[in-house]
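Participant: In the numbering used here, the protein residues as written are -11 to 153.
Note that beta-carbon positions come from the ideal geometry of N, C-alpha and C, so glycine has one too.
1) For residue 2 versus residue 40, is the C-beta spacing smaller than 8 Å?
2) Less than 8 Å between the CB atoms is what I'm expecting for residue 129 and residue 107, so what's the real figure, rounded?
3) Looking only at its chain, what residues have a beta carbon closer than 7 Å to the beta carbon of residue 38, apart from the 5 residues adjacent to it on each side?
4) From 99, 10 and 118, pick the residue whose C-alpha is nearest to that of residue 111; which is it?
5) Helix, strand or coil: which one does DSSP assign to residue 110?
6) Helix, strand or coil for residue 101? Go by DSSP, reduced to three states.
7) In this structure, does DSSP put residue 29 in helix, strand or coil?
8) Kindly indicate the opening and closing residues of the beta strand (DSSP E) around residue 40.
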């Protein structure tokens, strides 16, 4: 499990973040919805440790826009990059057909708040077995393997989308 400073996260988060009993981090919104955030080890990309970034809404209810969720998740992400030079891999859940919306929302959040010269983001999308597949990597520009990571991700993305519309 990735260990991050809760004090540093909670300094900027709009919701109070705690360690989750299952590993990762958890917070509760004003509407009583619980989110867990975790970093699951994945296959290395470009020779660099890679962690899949997972956002899970525990209650399966629709909720309105809540900017405090965005700020809290970004506080967790910021702390990840303060403490690690690893690759962050983001893939969208396709269980309800809203993966394109999730992808767009996450990338908008990140691009809106991240310093443009601090990160490199690469995205890939494809239709796999009739479902939309969206993935992105986020790498801090100070990572010494940046060029290799980008090349590896782009090669994998091209192989995934080869022959796909």
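Facilitator: For this structure:
1) no
2) 6 Å
3) 30, 31, 32, 74, 75 and 77
4) 99
5) strand
6) helix
7) strand
8) 36 to 45
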